[in-house]
Amino acid sequence: MNSAFVYSYEFVFVDKILIENSDIYNRMSLEERDKKVIWHPFTQIKAAPLPIPIVRGEGAYLFDDKGNRYIDGMASWWVNVHGHAHPYLAKKISEQLFTLEHAIFSGFTHEPAIELAERLLKRLPGNLSRIFYSDNGSTAVEVALKMAFQYWSNKEQVRTKVIAFENAYHGDTFGGMSVGARNAFNMPFSKLLFDVIHIPVPVKGKEDEAKQALKKAISENEVSAFIFEPLVQGAGGMVMYAATVLDEMIAMCKEKNVITIADEVMTGFGRTGKFFASDHLKQKADIVCLSKGLTGGVMPLGVTACAEFIYDAFISDDKMKTFFHGHSYTANTTACSAALASLDLFDQPEAQSNIDRITKKHEQFFQKIKGHPALIDVRQLGTIIAFEIKNEEQTNYLNSLSERISSFFIAKGIILRPLGNIVYVLPPYCIQDEDLDYIYNAIELFLEELSNRK
Ligand SMILES: *Cc1c(COP(=O)(O)O)cnc(C)c1O
Numbered sequence: 000m001n002s003a004f005v006y007s008y009e010f011v012f013v014d015k016i017l018i019e020n021s022d023i024y025n026r027m028s029l030e031e032r033d034k035k036v037i038w039h040p041f042t043q044i045k046a047a048p049l050p051i052p053i054v055r056g057e058g059a060y061l062f063d064d065k066g067n068r069y070i071d072g073m074a075s076w077w078v079n080v081h082g083h084a085h086p087y088l089a090k091k092i093s094e095q096l097f098t099l100e101h102a103i104f105s106g107f108t109h110e111p112a113i114e115l116a117e118r119l120l121k122r123l124p125g126n127l128s129r130i131f132y133s134d135n136g137s138t139a140v141e142v143a144l145k146m147a148f149q150y151w152s153n154k155e156q157v158r159t160k161v162i163a164f165e166n167a168y169h170g171d172t173f174g175g176m177s178v179g180a181r182n183a184f185n186m187p188f189s190k191l192l193f194d195v196i197h198i199p200v201p202v203k204g205k206e207d208e209a210k211q212a213l214k215k216a217i218s219e220n221e222v223s224a225f226i227f228e229p230l231v232q233g234a235g236g237m238v239m240y241a242a243t244v245l246d247e248m249i250a251m252c253k254e255k256n257v258i259t260i261a262d263e264v265m266t267g268f269g270r271t272g273k274f275f276a277s278d279h280l281k282q283k284a285d286i287v288c289l290s291k292g293l294t295g296g297v298m299p300l301g302v303t304a305c306a307e308f309i310y311d312a313f314i315s316d317d318k319m320k321t322f323f324h325g326h327s328y329t330a331n332t333t334a335c336s337a338a339l340a341s342l343d344l345f346d347q348p349e350a351q352s353n354i355d356r357i358t359k360k361h362e363q364f365f366q367k368i369k370g371h372p373a374l375i376d377v378r379q380l381g382t383i384i385a386f387e388i389k390n391e392e393q394t395n396y397l398n399s400l401s402e403r404i405s406s407f408f409i410a411k412g413i414i415l416r417p418l419g420n421i422v423y424v425l426p427p428y429c430i431q432d433e434d435l436d437y438i439y440n441a442i443e444l445f446l447e448e449l450s451n452r453k
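With numbering that gives the first Met the number 0, letter number 45 in the sequence shown gets 44, and the count goes up by one each step, no holes.
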């Protein structure tokens with residue numbers, strides 16, 4: 000019998016003894032302790048391999064408890080921008096902790112939140128003028144949707160429909176799921192999600208179809224808002240579409256006073272080559288959602304930035320027109336200080352030159368790999384490059400392929416977890432050219448192996 004099982008009895012029923020008897024505790028690996036008490040996200044418990052305990056980070060690297068080094072090729076779920084355990088971020092956050100760690104944000108305020116709002120608004124499109132804080136990307140989206148719905152309610156107009164793209168991902172809360180793609184991830188909740196008009200994504204060749212669907216949706220319905228991931232649909236498989244067609248679609252919404260919401264939770268902070276994906280656009284969304292890279296990938300924080308006309312609709316003698324939304328950790332002071340420190344780093348010229356360097360490296364590899372017989376498609380924008388792998392076998396193969404992909408790269412010291420049959424590289428900006436080359440080589444090797452197996 001395995002020793003972890005024997006100890007589990009004590010662990011559950013006599014944890015006091017366990018703590019006193021730290022000898023037993025010390026003999027258990029982190030994986031074993033994890034398996035007893037943790038429930039991991041997006042993980043089928045039965046089939047999951049044991050998680051790898053990460054004990055240290057440095058730059059683009061993560062280190063496990065056995066001393067193995069991994070290149071963080073997906074920026075720890077797209078959050079990390081300046082690298083792990085960055086000394087400047089650590090210093091600034093620690094200073095904040097010794098001054099004020101957190102304070103209530105209703106009836107009170109603090110400088111990190113104010114300064115962060117000022118500095119974000121300077122960077123964001125000029126039509127935005129107000130910052131509402133929450134804790135993560137999903138809440139940033141919930142806040143945006145609630146702002147849009149209540150905007151129309153405060154105006155005493157019935158506009159309850161939302162338009163979203165097929166294949167979208169906007170988070171895991173109920174509002175976020177509702178506007179997201181209706182797929183396996185939210186199937187158990189499908190009856191509980193609110194009505195959303197899903198329209199095709201304007202990928203190359205489908206622009207007209209998407210525009211027609213939008214036109215129909217906004218002319219036949221009382222639409223409150225149109226939400227989209229600008230230029231890149233992240234979780235949907237790094238699906239990319241052009242700024243020009245999005246510009247046209249935003250303009251169509253403006254004509255009908257439909258509120259436009261750009262979910263920049265993934266695309267923000269340099270991912271698409273420019274600071275925001277919105278910077279590729281001529282038209283400006285009325286609401287922008289930020290999170291992930293906002294604090295440099297160090298602390299959870301969400302931002303919903305909106306245009307003044309939306310804010311204005313909530314100013315009233317009627318208390319019922321108040322925006323009744325908030326979280327215990329709204330505008331967490333420490334998280335705001337992390338975001339400010341991250342913006343300091345973005346103010347250094349190296350930040351953009353690193354983004355440009357990665358973009359160029361990705362572009363070169365794109366040219367080299369495109370047309371590879373094992374690939375359906377390669378897509379690249381800024382620091383994101385995605386490879387859609389041919390997948391001729393049926394359904395279950397998808398899962399086994401994605402597991403094969405993860406374990407192939409882990410064995411090479413690279414963290415790349417695919418989205419189904421789509422492998423992508425989305426690294427921290429401090430990643431060195433040698434490490435990018437090493438990742439590209441590994442990808443070529445993987446595709447080679449796949450082709451040879453056939
Ligand atoms: C990740 C993501 C979210 C959700 O953010 P969480 O912080 O994970 O809740 C929402 N929208 C987009 C576009 C995302 O990529």
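Where a beta carbon is used, it is the ideal one built from N, C-alpha and C, also for glycine.
None of the values given here were measured: they were computed from a predicted structure.
Contact defined as beta carbons within less than 8 Å: I believe residue i pairs with residue j. What is the distance between those atoms, to the nearest angstrom?
| i | j | result |
| --- | --- | --- |
| valine 377 | lysine 369 | 5 Å |
| phenylalanine 148 | threonine 303 | Actually they do not touch by this definition, with Cβ atoms about 13 Å apart. |
| alanine 224 | valine 264 | With a Cβ gap of about 16 Å, alanine 224 and valine 264 do not count as contacting. |
| phenylalanine 104 | alanine 112 | 7 Å |
| threonine 382 | arginine 270 | 6 Å |
| leucine 380 | leucine 230 | 6 Å |
Quick one: is residue i buried, meaning 16 or more other Cβ sit within 10 Å of its Cβ, or exposed?
| i | result |
| --- | --- |
| valine 13 | Residue placement at valine 13 is flagged as unreliable, the pLDDT there being 47, under the threshold of 50; the coordinate-derived value follows with that caveat. Exposed, by the Cβ-count rule. |
| threonine 394 | Legend: pLDDT at threonine 394 = 49, less than 50; position of this residue unreliable, value from coordinates given subsequently. By the 10 Å Cβ count, threonine 394 comes out exposed. |
| valine 222 | buried |
| glutamate 387 | buried |
| histidine 39 | exposed |
| threonine 321 | exposed |
| tyrosine 396 | The predicted model places tyrosine 396 with a pLDDT of 49, which falls under 50 and marks its position as unreliable; any figure quoted below should be read in that light. By the 10 Å Cβ count, tyrosine 396 comes out exposed. |
| aspartate 194 | exposed |
| proline 417 | buried |
| arginine 55 | exposed |
| asparagine 440 | exposed |
| valine 157 | exposed |
| lysine 35 | exposed |
| glycine 174 | buried |
| asparagine 135 | buried |
| glutamine 347 | exposed |
| leucine 191 | exposed |
| isoleucine 430 | buried |
Closest to residue i by CA distance: which of the options is it?
| i | options | result |
| --- | --- | --- |
| phenylalanine 445 | Cys429, Gln431 and Ile409 | Ile409 |
| arginine 129 | Leu245, Thr259, Arg26 and Tyr310 | Tyr310 |
| lysine 90 | Pro417, Glu362, Leu339 and Arg356 | Leu339 |
| valine 140 | Lys291, Val257 and Lys65 | Lys291 |
| threonine 108 | Ala284, Asn331 and Lys360 | Asn331 |
| phenylalanine 308 | Leu245, Lys121, Phe323 and Thr259 | Thr259 |
| glycine 419 | Glu402, Ser406 and Lys253 | Glu402 |
| aspartate 317 | Ser327, Asn153, Lys205 and Val200 | Asn153 |
| serine 93 | His326, Ala74, Ile37 and Ser336 | Ser336 |
| serine 315 | Glu155, Arg356 and Asn79 | Glu155 |
| glycine 170 | Thr159, Asn79 and Asp262 | Asp262 |
| valine 80 | Leu96, Glu228, Gly66 and Tyr60 | Tyr60 |
| glycine 72 | Ile44, Leu96, Asp432 and Ser341 | Asp432 |
Hey, residue i and residue j: beta-carbon distance below 7 Å or not?
| i | j | result |
| --- | --- | --- |
| alanine 462 | serine 450 | Lying before the first or after the last residue shown, residue 462 is absent from the chain, which here runs from 0 to 453. |
| valine 422 | isoleucine 438 | no |
| lysine 88 | glycine 296 | The question names lysine, yet the displayed sequence has leucine at residue 88. No, they are not a contact pair. |
| alanine 250 | leucine 300 | no |
| tyrosine 428 | asparagine 353 | yes |
| leucine 280 | alanine 242 | yes |
| alanine 234 | histidine 197 | no |
| lysine 283 | asparagine 126 | yes |
| proline 454 | leucine 29 | Lying before the first or after the last residue shown, residue 454 is absent from the chain, which here runs from 0 to 453. |
| tyrosine 485 | isoleucine 414 | Nothing about residue 485 can be reported from this structure: the residues present for the chain run from 0 to 453 only. |
| valine 178 | isoleucine 226 | yes |
| tryptophan 77 | leucine 344 | no |
| methionine 248 | leucine 213 | yes |
| leucine 245 | glycine 267 | no |
| alanine 84 | isoleucine 286 | no |
| glutamate 165 | valine 202 | no |
| serine 133 | histidine 326 | yes |
Problem - ligand 1 site residues, beta-carbon cut 5 Å against heavy atoms - result: This criterion selects Asn135, Gly136, Ser137, His169, Gly170, Glu228, Gly233, Asp262, Val264, Met265 and Ser290.
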